[in-house]
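Only one structure is covered here, and it is reproduced in the block below.
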Amino acid sequence: MKKVTLLISLIVMGFSAICQEAADASGVTWGMVETAVKKSDASLDDVSKNIKSAYWKNKKHYYFRYYEYDLKGLYFGISQENITLAKSVVPKNQKQEGAVTIQSFDRLDIHIKDGKLIKYVRTENYNKENVLSTAVEAYKKAVELDVKGKLKNEVGPILKSIADYLQTDALIAYYSEDYINSLKAFDQIISIYEIDYVKVPDTIVNAFYTDCGTVARTAKNYEKAIEFYQKAANKGVGGAALYGEMYVCYNMLGDSLKAAEILKTGIANNPDDKQVVELTNELINYYLRNGKDIEAREYLEKAMAQKPDLAVYPFSLGYLYAKAFNIEKATEFYEKALLINGNYADAYLNYGVMYVEYGNKIIADASNIKDMKLYDAERVKALAQFKIAIPKIEKYIELTDDIASKINALTDLEKLYYKIEDYTKSKEIKLQREALLKK
Numbered sequence: 000m001k002k003v004t005l006l007i008s009l010i011v012m013g014f015s016a017i018c019q020e021a022a023d024a025s026g027v028t029w030g031m032v033e034t035a036v037k038k039s040d041a042s043l044d045d046v047s048k049n050i051k052s053a054y055w056k057n058k059k060h061y062y063f064r065y066y067e068y069d070l071k072g073l074y075f076g077i078s079q080e081n082i083t084l085a086k087s088v089v090p091k092n093q094k095q096e097g098a099v100t101i102q103s104f105d106r107l108d109i110h111i112k113d114g115k116l117i118k119y120v121r122t123e124n125y126n127k128e129n130v131l132s133t134a135v136e137a138y139k140k141a142v143e144l145d146v147k148g149k150l151k152n153e154v155g156p157i158l159k160s161i162a163d164y165l166q167t168d169a170l171i172a173y174y175s176e177d178y179i180n181s182l183k184a185f186d187q188i189i190s191i192y193e194i195d196y197v198k199v200p201d202t203i204v205n206a207f208y209t210d211c212g213t214v215a216r217t218a219k220n221y222e223k224a225i226e227f228y229q230k231a232a233n234k235g236v237g238g239a240a241l242y243g244e245m246y247v248c249y250n251m252l253g254d255s256l257k258a259a260e261i262l263k264t265g266i267a268n269n270p271d272d273k274q275v276v277e278l279t280n281e282l283i284n285y286y287l288r289n290g291k292d293i294e295a296r297e298y299l300e301k302a303m304a305q306k307p308d309l310a311v312y313p314f315s316l317g318y319l320y321a322k323a324f325n326i327e328k329a330t331e332f333y334e335k336a337l338l339i340n341g342n343y344a345d346a347y348l349n350y351g352v353m354y355v356e357y358g359n360k361i362i363a364d365a366s367n368i369k370d371m372k373l374y375d376a377e378r379v380k381a382l383a384q385f386k387i388a389i390p391k392i393e394k395y396i397e398l399t400d401d402i403a404s405k406i407n408a409l410t411d412l413e414k415l416y417y418k419i420e421d422y423t424k425s426k427e428i429k430l431q432r433e434a435l436l437k438k
C-alpha cells in the first residue's frame, strides 16, 4: 500500500522533536511515572479536582509519559544502530526466530528484521491499555475547562506527537497483517488531526483519509472504509479512483444500488479524469447485468465519445440495439466497431446472430398467417436475413482461435445453409466441423 509506506517519513520527523523533549526529563524513572498515573487515577472521582483544567493537564502528561517512556526515539523502520542509541541500554535477552531478531528490554520486546525495527510488543510488565486514548481525552478535557483559552497552543503540538506514536502503532500492526488494530490506530490519528487547534495541514489530513480507507477496506470494515473515502472525496482528493474504491466496498456489502450511484457520482465529479473510463465500464456492466438496457446505452454513448478508438463501446451498443430488434441502429454500431477493428471476431459473430434471430422472429410472427402467399412472402424475408448472416458468421469462424467456439459456429452455419436449401454447402460445413472434432 504505497501511501501508508510514505507515512514513515512523517513519523521520523515527529519523533525527532519527541526525543529532544525526553532528554529534559531524563531523571524520571519508571517507578515515578507509575506512581503519578496511579495517583491521578485515584483522584478521578474527586469533584474538587476533576472540574479543574490543571487536573486534566497533569493527567494527560502522566498518561503520555507512561506510554512513551519505553518508546522514546523508536519508530517503524528505524535501523539497528539507532535502536541501540534510542534505548541507551543493552537488551536483557536476545533470541532469533527465523529471520527476526527479538531483543528484550524492560516492558518491551523489539523485533528486528533486515536490520530494521518491524514490530515492538509490550510485555506483561506494562499493564495499562488504551493509554494514549486516555491521554488524548485528558488533553481535550483540559482545553475544554481552560476558560482563558491559553492551553490550545500548548496542547496542539503534544496531540500531534501522540498521533506520531499512533502512526508507528498503525504501521506495525498493518505490516504484521493485524489490520483491525491498524485501523483502530489510524482512526485515532484522524480524530486527533480533525481537532482544529492541532493544526495539521489539509494535505496531510486528506492523504490520511485515503490511507485510512485503504486500511479499513483491508480489514474488511467496508462501512468505515466508505466513511473515510467519502471524507477524502469531499475534499476533492483521490479523483475517479477513489469512487472506484467505494464502489468495491458497496459491492462487498451487497448494496448494488449504492454501488451504482457512487459510480455515477464519480463519473459526474471527475469528467476529465482518465480513470473515469473504468468507472463508466463498471456502471455499464452493472446496467447490463440488471437488464437496464436504456441506462446502459446512455453511458455507452458517453464512453464512446470519451474513447472513440475503442471498438468495444459501439460493439456493446450494437448488441443492445439488436436485443430490441432495432436492426438499423444495431447495424450502425456494429459497422462502427468493425471500422475501428476490422478483425473484431465477436463483432462479426453478434452481427451475424442478429440477422439469424431477426429471421427467426419473422418466421415466428408469420406462424399464424393463414394465407399461404403472404406466409411465403414472409418466409422469403426471413431467408434473406439468414443469407445476410452467413458471411458474417463465416468471418467469425475465420478469425476466432477458440476451437470450441469455432465448432459451435460451424454447427449454426451448417443449419443456416440447410434452411436456405443450399444442401451442398451444408454438407461441406458438416465435414469441416467433424474434422475439427477429431483433432
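With numbering that gives the first Met the number 0 applied, the sequence shown covers 0 to 438. Think of the CB as a built atom: it goes at the ideal place given N, C-alpha and C, for glycine as much as any other residue. Model, not experiment: these values are computed from the prediction.
Which residues share a DSSP beta bridge with Glu96?
Val99
Let me confirm a value: Gln384 is counted as buried when at least 16 other C-beta atoms fall within 10 Å, else exposed. Which label applies?
Buried.
Terminal residues of the continuous beta strand (DSSP E) containing Asp108?
Leu107 to Lys112
How would you write the range of the alpha helix (DSSP H) that Lys151 sits in, first residue to last?
Lys151 to Tyr174
How many angstroms separate the CA atom of Gly72 from the CA atom of Ile82?
The alpha-carbon atoms of Gly72 and Ile82 are separated by roughly 8 Å.
Where the beta strand (DSSP E) through Tyr119 begins and ends
Lys115 to Arg121
Buried or exposed for Pro313, please, with buried defined as at least 16 other CB atoms from any protein chain shown within 10 angstroms of its CB.
buried
Roughly how many angstroms lie between the CA atoms of Met303 and Gly253, to the nearest whole one?
29 Å
Contact defined as beta carbons within less than 8 Å: I believe Met353 pairs with Ala381. What is the distance between those atoms, to the nearest angstrom?
No, Met353 and Ala381 are not in contact; Cβ-Cβ is about 14 Å, not under 8 Å.
Let me check understanding here. Comparing Cα to Cα, which of Lys322, Lys391 and Glu153 lies closest to Gly351?
Lys391
Identity of the residues DSSP links to Ser78 by a beta bridge:
Lys115
I'd like to confirm the pairing. Which residues does DSSP put opposite Phe332 in its beta bridges?
Note: Phe332 sits in no beta bridge, so no partner.
Cβ neighbour criterion (16 or more within 10 Å) applied to Met245:
buried
Does the separation of the CB atoms of Ile266 and Ala239 fall below 9 Å?
yes
Is Phe385 helix, strand or coil when you go by DSSP?
helix
Roughly how many whole angstroms lie between the Cα atoms of Ile428 and Lys386?
15 Å
Environment of Ala188 [buried if 16+ CB atoms lie within 10 Å]
The residue asked about is misnamed: residue 188 is Ile in this sequence, not Ala. Ile188 is buried by the Cβ-count criterion.
DSSP-derived helix/strand/coil call for Phe324:
coil
Leu70 to Pro200, Cα distance in whole Å?
26 Å
Here's the rule: buried if 16 or more other CB atoms are within 10 angstroms of the residue's CB, otherwise exposed. What is Gly290?
exposed
Among the residues of its own chain, which have a CB less than 6 Å from the CB of Tyr479, if the five just before and after it don't count?
Because the chain is modelled from 0 through 438, residue 479 falls outside the range shown and cannot be assessed.
Entirely within the stretch 175-209 and at least 4 residues each: give me those alpha helix (DSSP H) ranges in chain order.
178-192
Would the beta-carbon of Lys112 fall within 9 Å of that of Thr100?
yes
Tell me which residues share the same chain as Ser315 and place their Cβ nearer than 6 Å to its Cβ, disregarding the 5 neighbours each side in the sequence.
Leu299
Alpha-carbon to alpha-carbon, Leu278 and Val197
36 Å
Report back the beta-carbon spacing between Glu67 and Tyr164 to the nearest angstrom; my notes put them in contact at under 8 Å.
6 Å
Between Ser181 and Asp168, is the Cβ-Cβ spacing less than 9 Å?
In this structure, Ser181 lies near Asp168, with their beta-carbon atoms less than 9 Å apart.
Length of the line joining the Cα atoms of Asn92 and Gly76:
21 Å
Which residues share a DSSP beta bridge with Phe440?
The displayed coordinates of the chain run from 0 to 438. Any statement about residue 440 would go beyond what the structure contains.
Just to confirm, is the Cβ distance from Thr410 to Arg432 under 9 Å?
A contact, by the Cβ cut-off of 9 Å.
Quick one: residues in its chain with C-beta nearer than 8 Å to the C-beta of Ile362, no 5 flanking neighbours on either side, listed in chain order?
Glu377, Arg378 and Ala381
Cα separation between Leu84 and Leu107?
Computed Cα separation, rounded: 16 Å.
Residues in its own chain within less than 7 Å of Ala231 by CB, not counting five upstream and five downstream?
Asn205, Tyr208, Thr209, Gly212, Gly237 and Leu241
Coarse secondary structure for Tyr417, derived from DSSP in three states:
helix
Using the Cα positions of Tyr285 and Lys263, report the straight-line distance between them to the nearest angstrom.
Lys263 has its alpha-carbon roughly 11 Å from the corresponding atom of Tyr285.
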